[in-house]
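S.K.: Read left to right, the sequence shown gives residues 6 to 780 (this note's numbering).
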Amino acid sequence: MSRFLTPSKVCVLVLIQIYCNETPPQKSTVPVLSFISSHIIQRSVDPGSEQNGPSPASLKDFEILLAAQESNHPGRSLHDVFLTKLWELHDLVTFTDFFQDLTAITQSSRPNETGGKSPGCSPTSPIGQFTRRCHLESVRLQFGDAYQLWESFVLFREPTRTTYTLRNPGSRYARDFPNAASVDLLHHEKPTASAVLIERLRKRQYSSDTPSSLDDVERAIHFQLSKLQKYGTRVPDEMKNQLKRMTDQGGSVPSEVHFINFFDAWRGGAYNDAVELLHRYFDYTMEGHQAEQSIKTYHQYALLHLAVLHADFGCYGEAISAMNECIATARENQDARCLHFGLSWLAHLRKAYPDFAGLESGMGGNDIAGSESDIITFLQQKAVESKDWATLSSSLLTQAEATIESGDSIAKALEQAYQSSYLNNTYDIRNMIPSQLRLQSAMFNRLGQMSLAGQYLDITQQIHGSTASKPDLLSTVLQNAYNLAMSGRYDEALELLRQNNPAPLHTLRLDQTFLAFAAMVQLRRALHQGELWAAERYLEQVRPIRSIADAGIVFETHVLEIELLFRKKELKQAFEYICNRIDEAKKADTVDMLHRSKLLILKAHVFASSGVPEKGFSIVLRAASSAHRSLLLPTMWEALAALCVILVDLGEFGAVRDVVDAIMPQVLESANEYLIANLYNLLTDAHVGLAGHSCVEGSKERDAHISAALTYVERARDAYARVEDLDGVLATVARKAMLFAYKGEEALAEETEEVYAHVVAEAEKRTEELLGRNL
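1. Glu75 bridges to which residues according to DSSP?
2. Kindly indicate which residue of Leu731, Val701, Gly694 and Glu702 has the alpha-carbon position closest to the one of Ala713.
3. So, for Thr757: in the same chain, excluding its five sequence neighbours on each side, which residues have a beta-carbon less than 8 Å away from its beta-carbon?
4. So the alpha helix (DSSP H) Met598 belongs to, where does it begin and stop?
5. Counting C-beta neighbours from all protein chains within 10 Å, is the total for Leu401 16 or more, i.e. buried, or is it exposed?
6. Tell me the DSSP secondary structure of Asp555 in three-state form.
7. From Ile434 to Glu773, what distance separates their C-alpha atoms?
8. Does the beta-carbon of Trp155 have 16 or more other beta-carbons within 10 angstroms, so that it is buried, or is it exposed?
9. Can you give the beta carbon distance from Ala490 to Val526, rounded, assuming they're within the 8 Å contact cut?
10. Among Gln441, Val611, Ile110 and Gln454, which one has its Cα closest to the Cα of Glu27?
11. Throw me the rounded Cβ distance for the Ile23 and Ile132 pair, which I believe falls under 8 Å.
12. Between the segment 647-666 and the segment 611-618, do three or more beta carbon pairs fall short of 8 Å?
13. From this set, His227, Glu657, Ser426 and Glu678, which residue's C-alpha is nearest Tyr725's C-alpha?
14. Do Val665 and Leu687 count as a contact pair if the criterion is CB distance below 7 Å?
15. Cutting at 6 Å between CB atoms, please list the residues of its own chain near Ala632, excluding the five before and the five after it.
16. Could you tell me whether the segment 144-158 touches the segment 92-109, using the rule of 3 or more Cβ pairs below 8 Å?
17. Are the beta-carbon atoms of Phe519 and Pro507 separated by less than 7 Å?
18. Verify whether the separation of the beta carbon atoms of Asp269 and Arg239 is less than 7 Å.
19. Look at the Cβ atom of Gln441, then the Cβ atom of Ser456, and state whether they are nearer than 7 Å.
20. Suppose the cutoff is 7 Å on Cβ atoms and the five residues either side in sequence are ignored; what does the same chain contact list for Leu309 look like?
21. Just curious, the alpha helix (DSSP H) that Ser13 is in, first and last residue?
22. Looking only at its own chain, which residues have a Cβ that is under 8 Å from the Cβ of Ile711, when we skip the five neighbours before and after it?
23. Within 10 Å of its beta-carbon, does Ile226 have 16 or more other beta-carbons around it, so buried, or fewer, so exposed?
24. Can you list, in chain order, the residues of its chain whose CB lies under 7 Å from that of Ser82, leaving out five sequence neighbours each side?
25. Please state if the CB of Phe658 and the CB of Val611 are separated by a distance shorter than 7 Å.
26. May I have the straight-line CA-CA distance separating Pro259 from Val19, to the nearest angstrom?
27. Quick check: the Cα distance between Gln31 and His84, rounded to an integer number of angstroms?
28. Give the straight-line distance between the Cα atoms of Thr382 and Asn277, rounded to the nearest whole angstrom.
29. Going by the CB atoms, is the gap between Ser13 and Pro3 shorter than 7 Å?
30. Does DSSP put His95 in a helix, a strand or coil?
31. Return the CA-CA distance between Gly470 and Val482, expressed in angstroms with no decimal places.
32. Kindly indicate which three-state DSSP category Ser212 falls into: helix, strand or coil?
33. Does the Cβ-Cβ distance between Ser398 and Asn429 come in under 7 Å?
34. Excluding the 5 residues preceding and the 5 following Trp271 in the sequence, name in chain order all residues of the same chain whose CB lies nearer than 8 Å to its CB.
35. So, is Phe788 buried or exposed, given that buried needs 16 or more other C-beta atoms within 10 angstroms?
36. Out of Ser630, Leu528, Asn246 and Leu97, point me to the one whose CA is closest to Phe148's CA.
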C-alpha cells in the first residue's frame, strides 16, 4: 500500500491537467473545481449532513461528473478527453514522466494545447499544494512501490477499455504495447501475460474496492473514531468490513484500528475484550512514538479511557484508581485538555452513579480531585482563560444541575442554563445543545410546567436529532414515554419505545437502559391493574441494571419496589426498605432533594396505612416545606396529598377541602392522572366528612355535600380508569354505591353494585388470559 498515491489520486491529477491545460468551457468550471476540491481538501464532515465520510473517488464518480460536461473539442465530452489522457499513460515510462511533468502546473505560465500560454496555479493554492505533494511522494517511491502503483493503476483503469475503444477505434494505446506491464498482457490467452497482473485481476472480480493509500485509511479511521465518540454507538458492519478490506491492502494494521475495536467491544458489552484492546492500542501507539518526547502524553489518556470503561461496567473501585492516577499524571505533564476532560467526567460520575460517589469518599478520591464545587470552579476558570467555550458550557450545565439537585435557587440554575445556551448559539457548539435542552426540560418539569417541558423534549428530538448523540436521543425518548405513562397512556408509551428501539445499534448499555425502562412502564401498569405476580416478574428484569444505571433510574426502581410492597400489604418490609434508602441518602454527599422528599412522603404513607397517621404528620410537613423551598412543585403536591390523607384520619375535613382546592388547578395541568384521582378521592372524603360532622341531618347543606361527593367520586373513578388502577376503580364504585344508598336511591345503588361486579369479572378474565398466555 502506498503512503499517499493511489490510482484515484492519479485520475484527479489527470483531471487537474485537463483543467489547467485545456481550459474547459466556463459553465463546466465550477463543477470540475468543486469535484477536485472535494477530493484534495481534507474537510471535516458537517454533523448535520448525510455524508458518509472521506472516500477515494471511483471511475463511476468521474464518469457521472464529466459525461455531462462539454469540452473544447466538438462532439466530445470532458469524459472522452479524460479517458484519452488516462490511456496515454500506456507504460511505466510514460507513467513516470507524468509525475515528473506535475511541476509545470505550478509554473507562472506554460504552453497549452492550442499553442498559447496558460497561467499556472499558485504553489500555495490547494491544487498547487496537492500536485507538489504528489510529485514529492512519487520521487520518494522505491522502484518496487512505483511498479506496484502502476499495476494498481492499470487494473483501476481497465473497466474503461471498452468505452475508450468505441470512442477511439484507431487508437494504438488500447491495442498493442511493447512494455511487459502493458494492459494487453491482462488477456489470459496470451502466453507472455504477467502472472501478477492476472492474479490481481482475478481477485478484483470478487472485490469492488477502490485502491487506498495509508493517507486514505487514516482519514477513514479518524472519521469513524469521531463518529464513535460523538454518537456513542458501535461500528456498523458495512463500515467494519470496508475498513478491514482497506487495511488488508497494507502490510501492517494502523494502531487506531485497535482503538476502533476497543470502542466496538465497549459498546457491545465485551468488558474483557475492551480492556485488552485498549491496552493493545496504547502499547502500539507508544511503541511507534518511542523517539518522540510526546510519549508521556499517551499515558494519561489511556488511564482516562480505562477509568470510564471501568465505571461503565460498574467496576467503581478500579475506575477510582485509574481516574486518580489520570488526574495526577495530567497535572504532572501539564496537559490541561486531559485534566479538564477527566475532571468533567469525575463530576458526572459522582452525580450519575451514587455507588461511585460513596465508594470514592472511602478511597480518598476527593482528596486528589477535590469536591464537586472545586472541580466546577476550576473548570470554569481554565475554560475562560483558554477560551474553551465547550468546556465552559458543559461546566455551566453541571453547575445548574448541582444547583437544582441541592435545593438551591431555581432562578440561579435557570440563569446558568441560559448562559450555556448563549455560548452554544454564539460559538456553534452543537453537541452541547441537546444536553442543555434536556436540562431545561427537567427544570420546567420540576416547576410543574409539564407542557413547556414537553416542548423542549420535542425540540431536542425533531430539530437537534441529527447532531445529538444516541444516549441523548434515547434519554429524550424515555422521558417522553415516562410522561405518557404517568398520564395513563401506556399503549402510546410502549409504541413510542418500540419505534425508537436501539437494538439495531447493538450497544449493550443502550439496550439495557431501554429494556429496563420498558419493564418499568409495564411494572407500573401491572401494579395499577392489581397483577402483582406480573409486577414481580417485571421488577426482576429491572433489578440487574441497578449496578450500572444512573441515579434517576435507580431511584425509580426503588419507588416501584416500595409501591409493590404497599400493594402486597407488607408495610413492615416497606418501612424497613424506606429507612434503608433514607440512611443511604444521608450518607451520600450528592443526593437529589427530589429523591429525599419523595422518600419522606412514602414514609408518611406507611404511618398513615399503619393506623398511626400522627407519626407521619411532621415528616410530611418537612417534605412539603423542602419541596416548596426548592420549588419542586409536583413533589410538593404529592406531599400535600399525603398530608390530606393524614388530616382525613384526624377528622380535619375542612382543611383537606381547602388544601386540595388550592392545588387542584395546577395538578390538573400536570397530567399526573394518579395524583389527580387521589385528590378527587380526598375531596370525596372531605365532603362526606363535612356532611356527617358539620351538618344537620336532612339539611340542604348536607345534601349539597353529598352531591359534591358523588361528583368528585365519579371524577376520581374516571381518573383511576385512565391509569387502569383496578383497586382505585373498585374503591370509588363501592363508595358511589354507598352514597346512593345513603340518599335512598336504591335503583342507582343496585346498578352501581352491578357495575362493581362487572369490573371484578373483567379483571378476573384479563388475569386468566395473561396467565394462560404466559404458561
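Just so you know, even glycine gets a beta-carbon here, dropped at the ideal spot from N, CA and C.
M.R.: If we stick to the structure as given:
1. Position 70 of the sequence shown, counting from 1, holds the residue named residue 75. Note: Glu75 sits in a beta bridge opposite Ser82.
2. As a working mapping, residue 713 is identified with position 708 in the sequence shown. Here the closest residue by C-alpha is Gly694.
3. Counting from one through the sequence shown, the residue named residue 757 turns up at place 752. Cβ within range, chain order: Val738, Lys741, Ala742 and Phe745.
4. For the purposes of this step, residue 598 is taken as the residue at position 593 of the sequence shown. Here the alpha helix (DSSP H) through Met598 covers Met598 to Ser614.
5. Here residue 401 refers to the residue found at position 396 when the sequence shown is read from its first residue. By the neighbour-count criterion, in which a residue is buried when 16 or more other Cβ atoms sit within 10 angstroms of its Cβ, Leu401 is buried.
6. As a working mapping, residue 555 is identified with position 550 in the sequence shown. DSSP places Asp555 in the coil class of the three-state scheme, outside both helix and strand.
7. On the sequence shown, position 429 is the one that residue 434 refers to. On the sequence shown, position 768 is the one that residue 773 refers to. Across the structure, Ile434 and Glu773 are spaced so that their CA atoms are roughly 55 Å apart.
8. Residue numbering aside, residue 155 sits at position 150 when the sequence shown is read from its first letter. Counting Cβ neighbours within 10 Å, Trp155 comes out buried, since at least 16 surround it.
9. Here residue 490 refers to the residue found at position 485 when the sequence shown is read from its first residue. Here residue 526 refers to the residue found at position 521 when the sequence shown is read from its first residue. About 5 Å separates the CB atoms of Ala490 and Val526; that is less than 8 Å, so the two are in contact.
10. The residue given as residue 27 occupies position 22 in the sequence shown. Nearest to Glu27 by C-alpha distance, out of Gln441, Val611, Ile110 and Gln454, is Ile110.
11. Position 18 of the sequence shown, counted from the first residue, corresponds to residue 23. Position 127 of the sequence shown, counted from the first residue, corresponds to residue 132. Not quite, the Cβ-Cβ distance comes to about 12 Å (not below 8 Å), so this is no contact.
12. With contact defined as three or more Cβ pairs closer than 8 Å, the segment 647-666 and the segment 611-618 are in contact.
13. Walking along the sequence shown from the start, residue 725 turns up at place 720. Selected option, being the one with the closest Cα: Glu678.
14. Counted from its first residue, the sequence shown places residue 687 at position 682. Counted from its first residue, the sequence shown places residue 665 at position 660. Yes, Cβ-Cβ distance for Leu687 and Val665 is below 7 Å.
15. The count along the sequence shown starts at 1 and reaches residue 632 at position 627. Within the same chain, and ignoring the five residues on either side of Ala632 in sequence, the residues whose Cβ sits closer than 6 Å to its Cβ are Ser602, Thr640, Met641 and Ala644.
16. Short answer: they touch.
17. Here residue 519 is taken as the residue at index 514 of the sequence shown, counted from 1. Here residue 507 is taken as the residue at index 502 of the sequence shown, counted from 1. Contact flag set, yes.
18. The residue labelled residue 269 in the question sits at position 264 within the sequence shown. The residue labelled residue 239 in the question sits at position 234 within the sequence shown. Cβ distance < 7 Å, so Asp269 and Arg239 count as in contact.
19. For this step, residue 441 is matched to residue 436 along the sequence shown. For this step, residue 456 is matched to residue 451 along the sequence shown. Taking C-beta atoms as the reference points, Gln441 and Ser456 fail to come closer than 7 Å.
20. Against the sequence shown, residue 309 aligns to sequence position 304. Around Leu309: Cys331, Cys343, Phe346 and Gly347.
21. Walking along the sequence shown from the start, residue 13 turns up at place 8. Residues Pro12 to Glu27.
22. As a first step, residue 711 is located in the sequence shown; it is residue number 706 there, counting from the start. Excluding sequence neighbours, Ile711 sits near His692, Val693, Ala696, Leu744, Tyr747 and Lys748.
23. As a first step, residue 226 is located in the sequence shown; it is residue number 221 there, counting from the start. Per the 10 Å Cβ criterion, buried.
24. Working through the sequence shown from its first residue, we reach residue 82 at position 77. The residues are Leu71, Ala72, Gln74, Glu75 and Ser76.
25. Along the sequence shown, one-based indexing puts residue 611 at 606. Along the sequence shown, one-based indexing puts residue 658 at 653. When the beta-carbon positions are compared, Val611 and Phe658 stay at least 7 Å from each other.
26. On the sequence shown, position 254 is the one that residue 259 refers to. On the sequence shown, position 14 is the one that residue 19 refers to. Going from the Cα of Pro259 to the Cα of Val19 covers about 30 Å.
27. As a first step, residue 31 is located in the sequence shown; it is residue number 26 there, counting from the start. As a first step, residue 84 is located in the sequence shown; it is residue number 79 there, counting from the start. Approximately 16 Å between the Cα atoms of the pair.
28. Taking the sequence shown and counting its residues from 1, one reaches residue 382 at position 377. Taking the sequence shown and counting its residues from 1, one reaches residue 277 at position 272. Spanning the alpha carbons of Thr382 and Asn277 requires a straight line of approximately 36 Å.
29. The requested residue 3 does not occur in the structure, where the chain is confined to residues 6 to 780.
30. Locating residue 95 in the sequence shown gives position 90, where the first residue counts as 1. Coil.
31. Taking the sequence shown and counting its residues from 1, the one referred to as residue 470 is at position 465. Taking the sequence shown and counting its residues from 1, the one referred to as residue 482 is at position 477. Rounded to whole angstroms, Gly470 to Val482 spans 11 Å at the Cα level.
32. Your numbering for residue 212 matches position 207 in the sequence shown. At Ser212, the pLDDT of 45 sits below 50, so the modelled position is not reliable and the matter cannot be decided from this model.
33. The residue given as residue 398 occupies position 393 in the sequence shown. The residue given as residue 429 occupies position 424 in the sequence shown. Yes, the pair counts as a contact, with Cβ atoms nearer than the cut-off.
34. Counting from one through the sequence shown, the residue named residue 271 turns up at place 266. Within the same chain, Cβ atoms closer than 8 Å to the Cβ of Trp271 are found at Ala279, Leu314 and Asp317, the five residues on either side in sequence being excluded.
35. Outside the displayed span of the chain (6 to 780) sits residue 788, for which this structure offers no information.
36. As a working mapping, residue 148 is identified with position 143 in the sequence shown. Closest by alpha carbon: Leu97.
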